[in-house]
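Reading through the structure tokens given below for one structure.
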């Protein structure tokens with residue numbers, strides 16, 4: 087099993103040059119970073135949805151009951 091992979095990240099690109107960051111990624115670290123990024127994204131979506139839901143609920147209660 088291959089435990090390392092070459093990762094290339096284009097930092098800047100122009101017509102005349104291209105700056106590329108090349109690193110050797112450990113696949114376990116890469117997997118951890120993907121899981122972490124997914125969890126953070128899900129948490130932000132959950133926070134946004136709970137705020138929007140709270141505002142909608144308050145609006146409905148205010149509309150119905152004054």
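In our numbering, the protein residues as written are 87 to 152. We put the CB at the ideal spot given by N, CA and C, even for glycine.
Item to complete: Report the rounded CA-to-CA distance for residue 113 versus residue 120, giving the unit in angstroms.
Response: Their Cα atoms are separated by approximately 10 Å.
Worksheet item: Rounded to a whole number of angstroms, what is the C-alpha to C-alpha distance between residue 118 and residue 150?
Response: Computed Cα separation, rounded: 47 Å.
Worksheet item: Considering residue 136, what are the terminal residues of the alpha helix (DSSP H) in which it resides?
Response: Segment 113-151, the alpha helix (DSSP H) holding residue 136.
Worksheet item: What does a CB cutoff of less than 8 Å around residue 130 pick up in its chain, not counting 5 residues either side in sequence?
Response: For residue 130, where only same-chain residues beyond five positions count, there are no Cβ hits under 8 Å.
Practice prompt. Measure the C-alpha to C-alpha separation of residue 143 and residue 128 and round it to an integer number of angstroms.
Written response: Taking C-alpha positions only, residue 143 is separated from residue 128 by approximately 22 Å.
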